[in-house]
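With this note's numbering, the residue at position 221 of the sequence shown is 250, and numbering never jumps. Single-structure report; data block below.
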Amino acid sequence: MILLISDLHLEEERPDITRAFLNFLTGRARSAQALYILGDFFEAWIGDDAMTPYQRSICDALRALSDGGTDVFLMHGNRDFLLGRAFCKAAGCTLLKDPSVVDFYGEPVLLMHGDSLCTRDEAYMRLRRYLRNPVTLWVLRHLPVSTRHTLARKLRSESRAQTRMKANDIVDVTPEEVPRIMTQFGVHTLIHGHTHRPAIHKLQIGEQAAKRIVLGDWDRQGWVLQVDEQGMQLTPFDFQLTLPAATHP
C-alpha cells in the first residue's frame, strides 16, 4: 500500500491539522510501504537553518515513521520550495524532483505539486521562474533569518490577496497543459495537488484512457490517496479519525 497527501500547510497556528497529521503518521501511515507528500507540506519554510521547535517536532515524527520502515518522499510546493537536504536527512525522507515519474505496482505515474500546470496565471508563473532560479535560491538561503521571515510574510499576504481577485479558471490547471505534460513523460496517470480541488478526472490522450487525480488540501478535513494492487482510492477523513476508511470514488 502506498499513500499520497499534499497541501497540509502545516503551521503552529493550526493545531487541529498538526494533531491529525501526527495521528495519521502513528496510525494508517505505519502500515504503508511508502508515503508521498506532494508539496505545500508547510505553510511556509524559510530555510533548513531556521527550523523552529514546532517544525523540528514534525521532522522528528517523519523520522520515526521512516525508521519504522515506511519510505517517505517529499516534493517542493510553492509555499515550501526552500526545504532542503538538511531537513530531508534529519527527517529520513527523500526529496523528489517536480515532476517525477514513479512506478506504482507496474504502472508509471507522474507526480507533480501542480502549480506549474497553472500556466494561464502568467503573473504567478513569472514569479515562480524567478524564485526557482538557482541564483535567487542561493541569495534567499543566505539572507538573514529576520529578512527571510519578512519576505515570507509579504509573499503570503500578496498571494492571498491576488488569488482572491483572480478568476477560478486562472488559478486552476490549464486544460491543454495536462495532456501535453503526460504525453511528454509517457504516462496515463497524473497525480498532483496545489489547486485544493480534490477529484479524479477521466481523460482521453490519443487512443488511450487516462486520468488526473487531484489531491485535496487539509483544512476542515484531510485527504489521502491510497494506491494498492486493487487500484487508486481518493478519500476524505475527519480530523478526529486516525484511520480513515478507503472507499472507491
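By construction, the Cβ of each residue, glycine as well, lies at the ideal position given by its N, Cα and C atoms. Only a predicted model underlies this, so the values are computations on that prediction, with no experimental measurement involved.
Check: For Lys231, I'd like the list of residues in its chain whose CB is within less than 6 Å of its CB, leaving aside the five on either flank, ordered along the chain.; Outcome: Lys240
Check: When you measure from the CB of Arg43 to every non-hydrogen atom of the ligand FAD, does any distance come out below 7 Å?; Outcome: In the structure shown, the ligand FAD is absent, as is every other ligand, since no ligand is present at all.
Check: May I have the straight-line CA-CA distance separating His223 from Leu94, to the nearest angstrom?; Outcome: 24 Å
Check: Please work out which residues of its chain come closer than 6 Å, Cβ to Cβ, to Gly214, disregarding the five sequence neighbours upstream and downstream, and give them in chain order.; Outcome: The sequence given here has Phe at residue 214, not Gly. The residues are Val130, Leu139.
Check: What is the DSSP secondary structure of Tyr65, reduced to helix, strand or coil?; Outcome: strand
Check: In or out: Gln81 buried (at least 16 other Cβ within 10 Å) or exposed?; Outcome: Reading off the sequence shown, one finds Thr at residue 81, where the question assumed Gln. Thr81 is exposed by the Cβ-count criterion.
Check: Report the partner residues of Leu125 according to the DSSP bridge assignment.; Outcome: Met104
Check: Would you call the segment 108-126 and the segment 41-55 touching, i.e. three or more CB-CB distances under 8 Å?; Outcome: no
Check: Measuring straight from C-alpha to C-alpha, what distance separates Cys88 and Gln62?; Outcome: 19 Å
Check: Measure the C-alpha to C-alpha separation of Gly76 and Tyr83 and round it to an integer number of angstroms.; Outcome: 14 Å
Check: Under three-state DSSP, which class holds Gln237?; Outcome: strand
Check: Please determine if the segment 174-182 and the segment 138-157 are in contact, where contact requires at least 3 C-beta pairs separated by less than 8 Å.; Outcome: no
Check: Would you kindly report the start and end of the unbroken beta strand (DSSP E) that includes Thr264?; Outcome: 260-266
Check: Could you give the distance in angstroms between the alpha-carbon of Val101 and the alpha-carbon of Val207?; Outcome: 26 Å
Check: Determine the burial state of Glu72: buried for a count of at least 16 other Cβ atoms within 10 Å of its Cβ, exposed for fewer.; Outcome: buried
Check: Specify the secondary structure class of Glu247 as computed by DSSP and reduced to three states.; Outcome: Contrary to the premise, residue 247 reads as Trp rather than Glu in this sequence. Of the three classes helix, strand and coil, the one that applies to Trp247 here is coil, per DSSP.
Check: Spatial neighbours of Ser60 within its chain, please: C-beta separation below 7 Å, excluding the five flanking residues on both sides.; Outcome: Met30
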